[in-house]
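Undergrad: Quick note: to get this note's numbering, add 14 to the position in the sequence shown (first position is 1).
The beta carbon of each residue, even a glycine, is placed where N, CA and C say it ideally should be.
Sending over a structure as C-alpha cells; questions will come in a sec.
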Amino acid sequence: MYFLNGFLCIILIISLGVGVSLQLFCTVPNLTHFQTFPQAFMAMFQIITQEGWTEFVVEVLRMIDDRMVPFVAIYFVAYHLFVTLIVLSLFVAVILDNLEMDEELKKVKQLKAKEATAVKTTLPWRLRIFEKFPTRPQMVHLKKVVNEFNTPKVRDSFTNQFVWSEKGEQSKLAISTAKLLTHLENKAQTRMLSKFAAKSRSSSKKPQDSCLYKRYVGHCSMRSLLKNLVKDASKEGQSQMGGMGLGPSGTKARGKSMSFFEQILTENGDINREHVGQTKQANTFSGATTTATTTMTTSTRRDLKQGQFDIRALQHKQQMAEITRNRIEEEMRENHPYFDRPLFIIARDSKLRRYCHRIVHARWGGDGSIGLGDTMNGGSRTANAGGGTKRNNQIHELLGLMPYLDWTMVLITLISCGSMLFENPWPTTGENLVMFNFYLQIPDYLFVLAMTLELIAKMIADGLFFTPNALINDFGGVMTVFIYLTSLTFLILMPKHVEINSLEQFLMICRAMRPLRIYTLVPHIRRVVLELFRGFKEILLVTILMIVVMFIFASFGVQTVGGKLAACNDLTVKHRNECHGVFWQKVFVTRLEIYGKNNDTMHPKVLVPRVWTNPRNFNFDHIGAAMLALFETLSYKGWNVIRDILWARQGPWAVVFIHIYVFIGCMIGLTLFVGVVIANYTENRGTALLTVDQRRWHDLKARLKMAQPLHIPPKPSESAIFRRSIYELTMSRFFNQLFAALVVLNSATLIFPWNVEEEEMKNEVLFIVTVISAALNLLFAVEVDILQWINLFG
C-alpha cells in the first residue's frame, strides 16, 4: 500500500511539473520538448534520472528570451533538487519501510542467531582434530617414601589444581597447614602433603612464603558452582554480570575482602568442618538454589505472558556453553601434551611465549596504563583518562582500539601503499618502477621485515593454526599469510622484466592487494565487512530478482524491436537496398552558435561510405545484447540515447517500454540493494530490540552528542559602561540582521560580470570598495574589543 502511494506521488509530481512546463514553454518556437504531453513527460522524467538533464536545460535556455533565462534556470534547478533530494528520498524511505521486519520477528531472528552462536558447545574443527588422537596425560612419578610401598604416577595437573602457594606470614602458614593435615584420614596422603609442606618450609628463607591448601572436589564443588550461577542470575538486574571464577583464585567478595584460604573454602566447601556444619551448609545451598530457580522461573513465565522473551535463560545457556567449552579445552590441554603449544615445539608456559604475548597484546589502557589482552586493567576503563579533556579521551579511545603492534603495522602498511602511488610506467626507461628505483624499494623491505617480525611474534604467542587463539583462525588470517608470502616472493625475485600473463605479473597484482592488510587489523573495518557478508543471502536474492526483471524486458525488446533498429548512416536513405555508395557527412565539433552552422555550403563535411548498421552502442537482435544494453541502463547512463533511437525508428509506443524499465529496474531495483544492506545492518544492531520511544531517545542522544552548544561570551561588568552598551548592541537582533544583510550584499556583488567599461570607473569603484571594507573592518574591531579574543574564538 505504501509502495503504491509512493508510486502515485512520483507520477503526480511529474505530471504537475509537466503541466506547468507546458504552460510556460509551449509557445517557444522550435522547442520540441514541450509541444505535447508525452514529450513534456519524457523531458521531466529525464530530469529525475539526472542523465543528460544539463544539456536539456541548456538547450531550453538557448531557445527562450534572454530576459527569462535566470528565472527558467531557477525553475529547472528547483525542480531537479526537489525531485532528486526529496521525492526520491521519500521513495527510498517507503521501500525501506516495507523491507523492515516486524519487531517480534526481529527479536526472534536475533535470539535465534545468538542462541546458535552462544549455545554452541563444540570447539572449532581445527581444535577438534586432537580428539582423534589417543589421550596421553603427563604423569609425575613421586619418590619412594621410607618404609612404604612405591607410589604410582599421578597427573601433572594434580599439583596445579589441588595445591597452591600464597604469600603470607609464617604463623598463618603453620596454622593453615596444620588445619589441613589434622583432618586428613589417609596416612599416605598425610605423608605426601607433609613432604610438600616441608619443602615449602625449606623455601621460607626466600622472599616469597608458600602456603599449601587442599581443594575438595565432588558434589560440594558442583553445588558451589550452581550457587554462583544462581547468584549471578539473581543479581543481573542490580549490577553488571562479571566473569565467573572457576579457577583456583575464586571470586572476590564485594564487601569485606576474603583471604585466599576463605575463598577456597567458600567455593569448594570446607572439608575441615564438622558433619553437622556440612549438612547445614548443604541445606543452605539447596534452599538458595531452589528459591533462586523458582524466582527466575516465575519471572520468566511472567515475562513470557507479557510477550517478552526469556533473555535470562539465554544468558544462562550461554554461560553453561562457555563452561562446557572451557572444560573441553582444559581436558584437551591436560590429555594432549601438544595442545596449545605454538608450532608444537614451544612450551605453554615458556618465558619466550609470555614475552611475545606481552608484545602482541599490549595496548593502551583506560587509565593510561598498558593493558594485556583480555585482562587489561581488570576489564574496566575510566571515563576520564587521567582527568584529560574530551579530545584527549577520544584520542585515547582510538589508541586503545588495537594493540600497539597492530597500530605499528597499520602505519607501515600505509607507508608502503603510499610509496606504491609514486610508481609510474613513464618514462619507458623504468626509472619510476620499484624494480629500478632504490628509494621505492625501501618501503617494501620495511613492510616485509616488519611483517616478518609481527608474524613470528604472533605465532610464538598464539600459535599458527592448531591453538585456541591461532594466527590463522578465519579468512583474515589466511589473507594475512597470503599477502606476506606474495610480498616476500616478489621481494626475493624482484623481476626486472615483466611479461603479460606471467608469474611476475601475478605477483605484481598480488602486491596491489596490500591495502587489504588494514582490513585484517582494524576491528571496525572488519566488522563492517562481516556485516556485509552476513547479508549476502538477501543481496543474492535481490540480484536474482534483478536478473529476472532484466530477462523479461530483454525478451520483450527482442520480440518487439529485434532486428528493426538498424538504419543507414545517411539519414536521407530509408531503405536498405538504397544504402550504398558515398555521401557527405556533416562534422559537428561544437554546440555553440557559430557563423555558418546551419548553412550547408559553409558547414564542414567529410566524404564517407553509406553503411546499414545497428546503433553504435546497443541493439536488441538477441537476448545477450539486449540484457547487456539493459544492464548498462541500470546506472542511468545512456538510457536517453536508447529512448531517442526507439522514438525515431519505431515510434512513440516503443518509448513506453524503456521508461517502465528505468522506473522498475533502476529506481526500484537499485533501491532494493540499498534497502537490503541497510535493513541487514539495522537488524544486527542493538537498537533493533528497542521500542519506538526507546529508539527515538537513542537517536536524540546521538544528535545531542553531535550538536555543539551555543557559545555566548560573558557580559561585561557594570563599570565598563561603553563596553556594556556595545555588547548589548552586538547581541541585539537588529545588529545580527544588519550583519547578515551586509554579508549577502557583499556576496551579491559577485554576480556582476567584468566588462571594459569598468576600467574607466576604476577609481570610483575602488574608493567605494575601500569605504565598505573600512566599515566592515571597523565593525570587526569593535566586536573583538567587546567579546575579547578568547570569547570570540573559544
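Mind checking who Q599 pairs with in its DSSP beta bridge?
TA: Paired residue(s): V620.
Undergrad: Using only the alpha-carbon positions, how far apart do P482 and L110 sit?
TA: Approximately 41 angstroms, taken between the alpha carbons.
Undergrad: Within the continuous alpha helix (DSSP H) that includes R377, where are the two ends?
TA: Taken as a continuous stretch (DSSP letters only), R377 belongs to no alpha helix (DSSP H), being part of the beta strand (DSSP E) at A376 to W378.
Undergrad: Determine the DSSP secondary structure at V42, reduced to helix, strand or coil.
TA: It is coil, neither helix nor strand.
Undergrad: Closest to F632 by C-alpha separation, out of T696, W626 and L642, would be which residue?
TA: Answer by Cα proximity: L642.
Undergrad: What does V154 pair with, by DSSP beta-bridge criteria?
TA: BP columns for V154 point to V168.
Undergrad: Rounded to a whole number of angstroms, what is the C-alpha to C-alpha distance between Q222 and A693?
TA: The pLDDT assigned to Q222 is 43, lower than 50, so where the model puts this residue is not dependable, and the model offers no usable value.
Undergrad: Take I360 and list the residues in its own chain whose beta-carbon comes closer than 7 angstroms to its own, dropping the five residues that flank it on each side.
TA: Closer than 7 angstroms at Cβ, skipping near neighbours: L366, R367 and I474.
Undergrad: For L521 versus T503, is the C-beta spacing smaller than 8 angstroms?
TA: Yes, the Cβ-Cβ distance between L521 and T503 is below 8 angstroms.
Undergrad: State the Cα-Cα distance for the pair T427 and R528, rounded to the nearest angstrom.
TA: Answer to the nearest angstrom: the Cα atoms are 7 angstroms apart.
Undergrad: Out of curiosity, what's the CA-to-CA distance linking L469 and I506?
TA: Computed Cα separation, rounded: 18 angstroms.
Undergrad: Quick one: give me the first and last residue of the alpha helix (DSSP H) that E69 is part of.
TA: First-last of the alpha helix (DSSP H) with E69: W67 to M77.
Undergrad: Quick check on DSSP: helix, strand or coil for F21?
TA: Residue state, collapsed to three classes: helix.
Undergrad: Expressed to the nearest angstrom, what Euclidean distance is found between the alpha-carbon atoms of S731 and Q751?
TA: Rounded to whole angstroms, S731 to Q751 spans 26 angstroms at the Cα level.
Undergrad: By Cβ distance below 6 angstroms, which residues in the same chain neighbour C370 in space, the five residues on each side in sequence not counted?
TA: Cβ neighbours of C370 beyond the five flanking positions: A471, I474 and A475.
Undergrad: Look at L660 and V587 and say whether their C-beta atoms are less than 8 angstroms apart.
TA: Taking 8 angstroms as the Cβ cut-off, L660 and V587 do not qualify as a contacting pair.
Undergrad: For I539 and S364, what's the separation of their Cα atoms in angstroms?
TA: The alpha-carbon atoms of I539 and S364 are separated by roughly 34 angstroms.
Undergrad: Of all the options T696, T149 and A580, which has the alpha carbon lying nearest to the alpha carbon of G549?
TA: Minimum Cα distance to G549 is reached at T696.
Undergrad: May I have the straight-line CA-CA distance separating T647 from F48, to the nearest angstrom?
TA: Spanning the two alpha carbons is a distance of roughly 25 angstroms.
Undergrad: Can you tell me whether M153 is buried or exposed, with buried defined as 16 or more other CB within 10 angstroms of its CB?
TA: Exposed, by the Cβ-count rule.
Undergrad: So what's W711 in DSSP terms, helix, strand or just coil?
TA: W711: helix per DSSP, three-state reduction.
Undergrad: Going by DSSP in three states, A526 sits in which element: helix, strand or coil?
TA: If DSSP states are grouped into helix, strand and coil, A526 belongs with coil.
Undergrad: Should C593 be labelled buried (16 or more other beta-carbon atoms within 10 Å of its own) or exposed?
TA: With 16 or more other Cβ atoms within 10 Å, it is buried.
Undergrad: Apart from the five residues on each side of it in sequence, which residues of its chain come closer than 8 angstroms, Cβ to Cβ, to I682?
TA: So the qualifying residues of the chain are I109.
Undergrad: Return the chain-ordered ranges of every alpha helix (DSSP H) run that is complete within the stretch 643 to 671 and spans a minimum of 4 residues.
TA: Entirely contained in the stretch 643 to 671, the alpha helix (DSSP H) runs reaching 4 residues are, in chain order, 653 to 664.
Undergrad: DSSP state of W626, grouped into three classes?
TA: In the structure shown, W626 sits in a strand (DSSP, three-state: E or B).
Undergrad: Can you give the beta carbon distance from R150 to N349, rounded, assuming they're within the 8 angstroms contact cut?
TA: Correct: roughly 7 angstroms between the Cβ atoms.
Undergrad: Buried or exposed: which applies to G689, given that a residue is buried once 16 or more other Cβ atoms fall within 10 Å of its Cβ?
TA: Its Cβ being crowded by 16 or more others within 10 Å, G689 is buried.
Undergrad: Can you grab the Cα-Cα spacing for the pair Q455 / V462, in whole Å?
TA: Cα-Cα distance, rounded: 11 angstroms.
Undergrad: How many Å lie between T98 and I62 at the Cα?
TA: Spanning the two alpha carbons is a distance of roughly 6 angstroms.
Undergrad: Which two residues bound the contiguous alpha helix (DSSP H) that contains I740?
TA: Residues I735 to T744.
Undergrad: What's the C-alpha gap between F781 and L790?
TA: The alpha-carbon atoms of F781 and L790 are separated by roughly 14 angstroms.
Undergrad: Tell me A795's beta-bridge partners as DSSP assigns them.
TA: Beta-bridge pairing links A795 to no other residue.
Undergrad: Would you identify the three-state DSSP class for C582, choosing helix, strand or coil?
TA: Looking at C582 - three-state DSSP - the assignment turns out to be strand.
Undergrad: Which residue's Cα is closest to the Cα of A92: M77, R76, P728 and V71?
TA: With distances taken between Cα atoms, A92 lies closest to V71.
Undergrad: Any contact of the stretch 29 to 48 with the stretch 100 to 107, i.e. 3+ C-beta pairs under 8 angstroms?
TA: No contact exists between the stretch 29 to 48 and the stretch 100 to 107.
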